[in-house]
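**Student:** Got a structure here, written out as structure tokens. Questions coming.
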Amino acid sequence: MGNKYEEALKNYKYDAGENILNRIKSSNNEKEQLDIINMIILWKINRRAIIDSGTIKELMDIKTINLDNLEENKDKLKKCFNDLISSKGIQLAMASTILHFYNPNTFPIIDQRAYRELRSEEMSQNIKKGEALLMYNNLFILQKNCFNFIILTKIPIIYIFILINMI
Numbered sequence: 050m051g052n053k054y055e056e057a058l059k060n061y062k063y064d065a066g067e068n069i070l071n072r073i074k075s076s077n078n079e080k081e082q083l084d085i086i087n088m089i090i091l092w093k094i095n096r097r098a099i100i101d102s103g104t105i106k107e108l109m110d111i112k113t114i115n116l117d118n119l120e121e122n123k124d125k126l127k128k129c130f131n132d133l134i135s136s137k138g139i140q141l142a143m144a145s146t147i148l149h150f151y152n153p154n155t156f157p158i159i160d161q162r163a164y165r166e167l168r169s170e171e172m173s174q175n176i177k178k179g180e181a182l183l184m185y186n187n188l189f190i191l192q193k194n195c196f197n198f199i200i201l202t203k204i205p206i207i208y209i210f211i212l213i214n215m216i
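Numbering of the sequence shown is given in my numbering, commencing with residue 50 and proceeding in unit increments.
Here it is, written out as structure tokens:
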């Protein structure tokens, strides 16, 4: 007798967002990029946000940032990140999701549910820009320094980040 949840899971297909990733890679058109961002937001929370064209251009510029050139692109990333979380309808978790889709190998997604479970408290929806950037920046440093550990253990980086911040 098989597990009931395994049978139930067969009825669902996981969508890793491959269509979104392919569209990002193939387009440099601003209108198309706005459509993609709305698609990401709908994928995550089923509502729309308002993002200006300058922020869209910044997102298109961060595609080449990686853990090796992060330091030299820190100001560019800081501006993009702050502009994202200043946009109507976008908070820390959504900003991290958008950054992730634009550069999945570099930018992790901050999961509010994981945060809540590990910290036994809600992630503040009113995190100030500087605090949000510091939190995300610390996540980058952790990701870079713990990359081999994460590959070996397959523990998502956000869990490690939250555990370290609990200490």
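The beta carbon of each residue, even a glycine, is placed where N, CA and C say it ideally should be.
Using only the alpha-carbon positions, how far apart do ILE69 and GLU81 sit?
**Tutor:** 11 Å
**Student:** Taking only the alpha-carbon atoms, compute the straight-line gap between PHE130 and LYS93 and give it to the nearest angstrom.
**Tutor:** 18 Å
**Student:** For ILE158 versus HIS149, is the C-beta spacing smaller than 9 Å?
**Tutor:** The beta carbons of ILE158 and HIS149 sit closer together than 9 Å.
**Student:** Can you tell me the Cα-Cα spacing of ILE216 and SER75, whole angstroms?
**Tutor:** With a pLDDT of 41 at ILE216, under the threshold of 50, the modelled position of this residue cannot be trusted, and the question is left open.
**Student:** Under 9 Å, do SER145 and ILE99 count as touching if we go by C-beta distance?
**Tutor:** Not closer than 9 Å, so no.
**Student:** Helix, strand or coil for ILE86? Go by DSSP, reduced to three states.
**Tutor:** helix
**Student:** Across which residues does DSSP place LYS137 in a beta bridge pair?
**Tutor:** ILE99
**Student:** Helix, strand or coil: which one does DSSP assign to PHE130?
**Tutor:** helix
**Student:** Taking only the alpha-carbon atoms, compute the straight-line gap between ASP160 and TYR151 and give it to the nearest angstrom.
**Tutor:** 17 Å
**Student:** Do GLY103 and ASP124 count as a contact pair if the criterion is CB distance below 9 Å?
**Tutor:** no
**Student:** Just reading off the alpha helix (DSSP H) that ILE114 is part of, what are its end residues?
**Tutor:** Neither: ILE114 is in no alpha helix (DSSP H) and is coded neither H nor E.
**Student:** Considering only C-alpha positions, which residue in the set ASN78, ILE134, ARG96 and ILE89 is nearest to ASP110?
**Tutor:** If we check each option's Cα against that of ASP110, ASN78 comes out closest.
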